[in-house]
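Only one structure is covered here, and it is reproduced in the block below.
There are 4 protein chains.
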Amino acid sequence: MIKIAILGGSGYTALELMKILLRHPGVEIAAISSRQEETPLVAELHPTLTGRISLRTERFDVNKLLAAKIDCVFGCLPHGASMSLLPRLLERGMRVIDLSADYRLRDPNVYAQWYGESHEDLAYLAQAVYGLPELYGEEIATAQLVANPGCYPQTAILGLAPLVAGRLIELDTIIVDSKSGVSGAGRSPKLTTHFPECNESVSAYSVGNHRHTPEIEQTLSDLAGSAVRVLFTPHLIPMDRGIFSTIYATPLRSHSTTELRDLYKEFYANAPFVRVIPHLPATKYTFDTNFIDLHVQVVRDRVLVLAAEDNLIRGASGVAVQNFNRMFGFDERTALL
Amino acid sequence: MIKIAILGGSGYTALELMKILLRHPGVEIAAISSRQEETPLVAELHPTLTGRISLRTERFDVNKLLAAKIDCVFGCLPHGASMSLLPRLLERGMRVIDLSADYRLRDPNVYAQWYGESHEDLAYLAQAVYGLPELYGEEIATAQLVANPGCYPQTAILGLAPLVAGRLIELDTIIVDSKSGVSGAGRSPKLTTHFPECNESVSAYSVGNHRHTPEIEQTLSDLAGSAVRVLFTPHLIPMDRGIFSTIYATPLRSHSTTELRDLYKEFYANAPFVRVIPHLPATKYTFDTNFIDLHVQVVRDRVLVLAAEDNLIRGASGVAVQNFNRMFGFDERTALL
Amino acid sequence: MIKIAILGGSGYTALELMKILLRHPGVEIAAISSRQEETPLVAELHPTLTGRISLRTERFDVNKLLAAKIDCVFGCLPHGASMSLLPRLLERGMRVIDLSADYRLRDPNVYAQWYGESHEDLAYLAQAVYGLPELYGEEIATAQLVANPGCYPQTAILGLAPLVAGRLIELDTIIVDSKSGVSGAGRSPKLTTHFPECNESVSAYSVGNHRHTPEIEQTLSDLAGSAVRVLFTPHLIPMDRGIFSTIYATPLRSHSTTELRDLYKEFYANAPFVRVIPHLPATKYTFDTNFIDLHVQVVRDRVLVLAAEDNLIRGASGVAVQNFNRMFGFDERTALL
Amino acid sequence: MIKIAILGGSGYTALELMKILLRHPGVEIAAISSRQEETPLVAELHPTLTGRISLRTERFDVNKLLAAKIDCVFGCLPHGASMSLLPRLLERGMRVIDLSADYRLRDPNVYAQWYGESHEDLAYLAQAVYGLPELYGEEIATAQLVANPGCYPQTAILGLAPLVAGRLIELDTIIVDSKSGVSGAGRSPKLTTHFPECNESVSAYSVGNHRHTPEIEQTLSDLAGSAVRVLFTPHLIPMDRGIFSTIYATPLRSHSTTELRDLYKEFYANAPFVRVIPHLPATKYTFDTNFIDLHVQVVRDRVLVLAAEDNLIRGASGVAVQNFNRMFGFDERTALL
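Chains as they are written, first to last, in our numbering: chain A, 697 to 1033; chain B, 697 to 1033; chain C, 697 to 1033; chain D, 697 to 1033.
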């Protein structure tokens, strides 16, 4: 039994993580921390877990986690908090899957530019592996610190990887137009996520400055071997969960839809959670699954890629468990089907 | 032109009030107050009004309102604030339609019991007219202070008035099971109205202690001439607007559905905004209207009444304008069709 | 491995059944039938299953099912079709869990009255066990034919069972006011379930004549040992899934909320899927689970019970698997947590 | 009083048209046709109109319309039906606003290519004026036949007109990524618009072949004076109403956001229903209005235009009344504010 702890247990990603891990035959959830002063039962924070988990949340305490012999920590903390707390666990030898953005951007200057504060843990930043198992599965298996990828970036990166790696498109023509359900905004109430404000409405937000932009560009640039620049526009959609990304790029030479679909199928032949589909995807078909559905098509001389996922599962907690499975020698799919 | 002011301009009822009054041929919106430190343009608070209203919100100021020669004030303030501010306008002779609960409950002890604080304006409380135009239309016409009715109570009172006034039901058997859209909870973000919490979910709230209970009981008791006691259970429904009340009571003697429907039609013969319908109502059919749809049926020896309304229009701002029309001599329907 | 077949594979209950059974360690899904002329891949009917199931739907064929050595058949057919097809399987010795209404009502006259046609399989009707495991768990274990219970009735019956069995309420005062998501109406498009018609709206339907009424009354009458009569009012709510029932009854004598809650806890002490909770339930907390959450409270001299469930899981496919587990000797919770 | 008739009264655009025209001081709704065999009351087709309109729908009959001295006909028929019925009215001298697609595409070959059937009324097609009042307001004023524009095209055309007319962008780089509420799909139930299918889901549809593509290209090409080619991708969003178009293009030379916004403001200086706004639009802010909100921004060397409208009002019935007002000499805004 692998003993795990979850830091930051009150949000949606922590909830979905618990739901998945409760089904995992090789995992024991041993501790759940929360920043709240009180230490409520986890089932009080998340009533859906009533009768399924008897743990109480606790304030973060390294010694307690050590005493509990935690093997792996899932960090569900806000960015900033992760790089402040996680080093204390890493240096005691624990393995960590960090769901925040703190260890995703290799270049601390880029981090500072997009997140507005200096990175304060350059040592572990240099060791972190970007947790996209379809691209970095081997590095993840042996990593001590995995930077779990962002929800939007997974649709953009996996949606574009075959084209970018194969140098089939002009690298400065990429547009990613994404639509996300509201749970992606977290669990803290705000006017923009107040039901009567966002229900029955669609809007764009963070136009030109969403923090997932450099994450997408970093990985695609790695794949391309040269700088990739992306125009990324996220939209808020009146639904709980799901991300749908509509991706446009100009091809370098002519390809048929069939050729591209075959290319995608080959590229993802060993990726059990990437489904290359001939029909048009819908977020509903990925709901509550770890699948990402990809559809590629040539339309009016452009390449169009449609990518759909569940933002809380594939976009966060599911891929975290997929990474965990690779790190601890489980079949990649354990607890995820 | 009647010059009006709106106090508390940032919420949903104020917005709907402005939308209606902008269509009213006899009204000039002259001032809008808000508690906020800044004095934003109304169109910044409510972007849907961009290009339609150029006013800036101002801090509440009696002298400015006097200087502006305001004829009528609509109070969209939270309870407590109303009874604190409105007397200052009333004593200067302005007429007031108060959309808060402060002047609805005749008995200050009942107010204190349900609202948790003493009533601090007994003088005007004694003069206030309960603003349900189908029952108190004449008193409203000459009132200085109208206590605009609550959203739920209108469905319960108008849904039961013919039965209670006619002494056709046992007065201690009334159950009002109400379903409301989320805008009824106001515009302040809370966890319970955070989109991913209340979307795709139904729940009951304020079971046994919702503050609209004494308002329903007061008016029904007046109609009955003896004490009426109601079991009222409100539910939160994942939609923006609309209230649907399912009302149960035990009849004192046997009536057919047709007899009861005829009774309702006669009772509301002169009420242009009450529609007694043979088909089952849906809140959608009352959306963005001032209508309240009533359906009455005898089912398994009970009387069942179904009442539907738009909680922001009929339930608040629409009926406020209906009251305004009566107070200032306009046709009751002006700006409401 | 128990080999199962699903009859009527195109609807929502069949889909949820497959999702659960794909997780069941002791089950092999061996055949799925559909009435459609073509025999599409199951994953074409239900794109969410792409890559998870390779079966093709087939036309119903007894011999094929026999040849495939099917142990257990789940009937997801419309009422009427069940009693026409299932006897052919039963007489060959297969065990059957029927999710239709055909075998729920013991008295064929009651069936004829509510369903508008004569029952045509009186022999197996007499043998069928009503599949509510919390009440009839032992009979289910040995049954050949289990009549899986309706979605609404489970909330009403489990919500009232402790009161009715204990003779704590007046049996003719029961009101069940239920709110259901739209998936309960099935997968066939109709105007009433067309998105722009039912979204942003609440309505009542089948007032006084919903077919789940006699099912509720039959079981509660059995529990009471005398006739129970229920006034049941279902409502359509703009969400995918979930049923919330608000149940009212007049107590025979005075009880405190605590006494009643303790009674419920004791009554359901051995029922792993019934959660007696002190907080107010919400359908969201039962979403995609087999739990039914019950809250009991004394309010204004009435007993109020709030019951929430997922109509497709607990209300149909989850409880079907719970019954299956009992029938084939698995732990009741297998694949359901 | 202008006497008008509506052909095809059962759908959503007809309903919204009636709601607007009932407020129009210069209009009398004299006849409403429907293809249905029965001739139900309009209020039975649209219960929200109960008590507001007493007309009964009738089968289409030219002579009855002549006898009723109809001045103007609004065609809310499906494409194909319009070009079959409307010539009979036009040749009797009636003026017509056709909300179908039949008279929008000047070139009958383009019509045949996209709509799969030959155009059968070339004579009136040659006379029809495209009903986008911000561009063709003068021609509309004197037209006998106005081809009311499509919902999506208005966002694309008005969103791009200043850039295209000013030759500020590369004409082959335009991408229009649109998101629409479900009412745009009409009122006929289909699986794709069945609530549990499209709720809580986002999907793309008609990728590369949506019929609004040639309409967008025709008008933009006219404005540009040379061929414009657009990649248009519509998406279905789980809400009743609203279209949000995210438009991308490559600028020919460098402009600041401020310069472009000023250009837009100047271009639409006399267009009361086009709001050029500095904040990010949301469909909610245009809900139930005839406004189209435009936001322009330079992002990462591209021009990004965000356009929001209510698809049933601005996208169909509202702009139809705007056209009507121009045709019959009313202030353009009558009944639309």
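Positions of the beta carbon are idealized from the N, C-alpha and C atoms, including for glycine.
Setting aside the 5 residues that flank it on each side, T889 of chain C is surrounded in the same chain by V878 and A881, each with a C-beta closer than 7 angstroms to its C-beta; the list follows chain order.
If one requires a minimum length of 3 residues, the beta strand (DSSP E) runs lying completely within the stretch 871–949 of chain A are 926–932 and 939–945, in chain order. Per DSSP, the unbroken beta strand (DSSP E) holding E724 of chain C starts and ends at V723 to S729.
In terms of Cα proximity to L1032 of chain A, the closest of A:T982, A:D997 and A:Q993 is A:T982.
When the Cα atoms are used, A808 of chain D and L782 of chain D turn out to be separated by approximately 19 angstroms. Contacts with chain D (Cβ-Cβ distance below 8 angstroms) from the stretch 932–944 of chain A involve I933, P934, M935, D936, R937, G938, F940, T942 and Y944, listed in chain order.
Contact between the stretch 819–839 of chain A and the stretch 902–910 of chain A is not established, with fewer than three Cβ pairs separated by less than 8 angstroms. Judged by DSSP secondary structure, K760 of chain C falls within the alpha helix (DSSP H) whose first and last residues are V758 to A763. Ranked by how close their Cα comes to the Cα of P934 of chain C, the residues D:L762, D:P892 and D:I943 have D:P892 in first place. In the assembly as shown, K886 of chain B is an exposed residue. Its beta-carbon has fewer than 16 other beta-carbons within 10 Å.
A direct Cα-Cα distance of roughly 11 angstroms separates Q1018 of chain C from A967 of chain C.
Of the residues D:V769, D:V738, D:R748 and D:L785, the one whose Cα lies closest to the Cα of N759 of chain D is D:L785.
Chain C has a Cβ within less than 8 angstroms of the Cβ of P977 of chain B. If only uninterrupted alpha helix (DSSP H) runs of at least 4 residues are considered, those enclosed by the stretch 767–824 of chain C are 777–786, 804–811 and 818–823.
In the structure shown, the three-state DSSP call for E1028 of chain C is coil. When DSSP states are grouped into helix, strand and coil, R971 of chain D belongs to the strand group. Going by C-alpha positions, F756 of chain D is about 29 angstroms away from D984 of chain D. Listed in chain order, the non-local C-beta contacts of R971 of chain A below 6 angstroms within the same chain comprise F987 and D989, local neighbours out to five positions each way being set aside. In the structure shown, the three-state DSSP call for Y960 of chain A is helix. L703 of chain B is bridged by DSSP to B:S729 and B:G771. Annotated three-state conformation of E734 of chain A is coil, per DSSP. Here A739 of chain B carries a helix assignment [DSSP, helix/strand/coil]. Residue pairing by DSSP places I988 of chain D opposite D:V970 and D:E1005 in a beta bridge. A843 of chain A: member of the beta strand (DSSP E) spanning L841 to A843, first to last residue. When DSSP reads this structure, I698 of chain B sits in a beta bridge with B:V723.
Exposure of A923 of chain B is indicated by the presence of fewer than 16 other C-beta atoms within 10 angstroms of its C-beta. Going by beta carbons, V999 of chain D and L956 of chain D fall inside the 8 angstroms limit. Around the beta carbon of S750 of chain B, a 10 Å sphere encloses fewer than 16 other beta carbons of the protein chains shown; the residue is thus reported as exposed. For a Cβ distance threshold of 8 angstroms, residue set Q993, V995, R996 and L1000 of chain B lies close to G904 of chain C, ordered along the chain. Boundaries cannot be given for R863 of chain B, as no alpha helix (DSSP H) includes it and DSSP labels it neither H nor E.
One thing to note: P930 of chain A has its Cβ no nearer than 8 angstroms to the Cβ of S884 of chain A. Pairing A978 of chain A with S902 of chain D gives a Cβ-Cβ distance that is not under 8 angstroms. Residues of chain A with a Cβ closer than 9 angstroms to the Cβ of R802 of chain B do not exist; the shortest Cβ-Cβ separation is about 32 angstroms. Taking one beta carbon from each stretch, the stretch 761–768 of chain D and the stretch 734–742 of chain D have fewer than 3 pairs nearer than 8 angstroms; the two do not touch.
Taking a 10 Å sphere around the C-beta of S730 of chain D, we find 16 or more other C-beta atoms and assign the residue as buried.
Between V860 of chain B and L916 of chain B, the gap from beta carbon to beta carbon is short of 8 angstroms.
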